[in-house]
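All remarks here apply to the structure that follows.
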Amino acid sequence: MPSVKIKENEPFDIAIRRFKRACEKAGVLAEVRRREFYEKPTAERKRKGAAAVKHLRRGRPVL
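For any residue, its number in our numbering is found by taking its place in the sequence shown, counting from 1, and adding 531.
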């Protein structure tokens, strides 16, 4: 879990902004969304395989 130490004379809004940035960089929100519902192992493999195919197709030139 990311943590932010509030500096002396630092406004609360800026500290919150730094915390949000740290959470985004650590991938906390994406992890929460991914774990929100149980995904069967077969569904997870299928999703990852489809993402890999999509990634491969993106890099190939169109003939």
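Glycine residues also receive a C-beta, built at the ideal position from the N, C-alpha and C atoms.
Would you kindly report the start and end of the unbroken alpha helix (DSSP H) that includes residue i?
i: residue 562; result: 559 to 565
i: residue 575; result: 572 to 590
Between the alpha carbons of residue i and residue j, how many angstroms are there, rounded?
i: residue 560; j: residue 550; result: 12 Å
i: residue 570; j: residue 541; result: 42 Å
i: residue 585; j: residue 566; result: 23 Å
i: residue 538; j: residue 563; result: 28 Å
i: residue 568; j: residue 575; result: 12 Å
i: residue 587; j: residue 579; result: 12 Å
i: residue 544; j: residue 581; result: 40 Å
i: residue 532; j: residue 554; result: 8 Å
Measuring alpha carbon to alpha carbon, tell me which residue in the options is nearest residue i.
i: residue 556; options: 591, 534, 590, 585; result: 534
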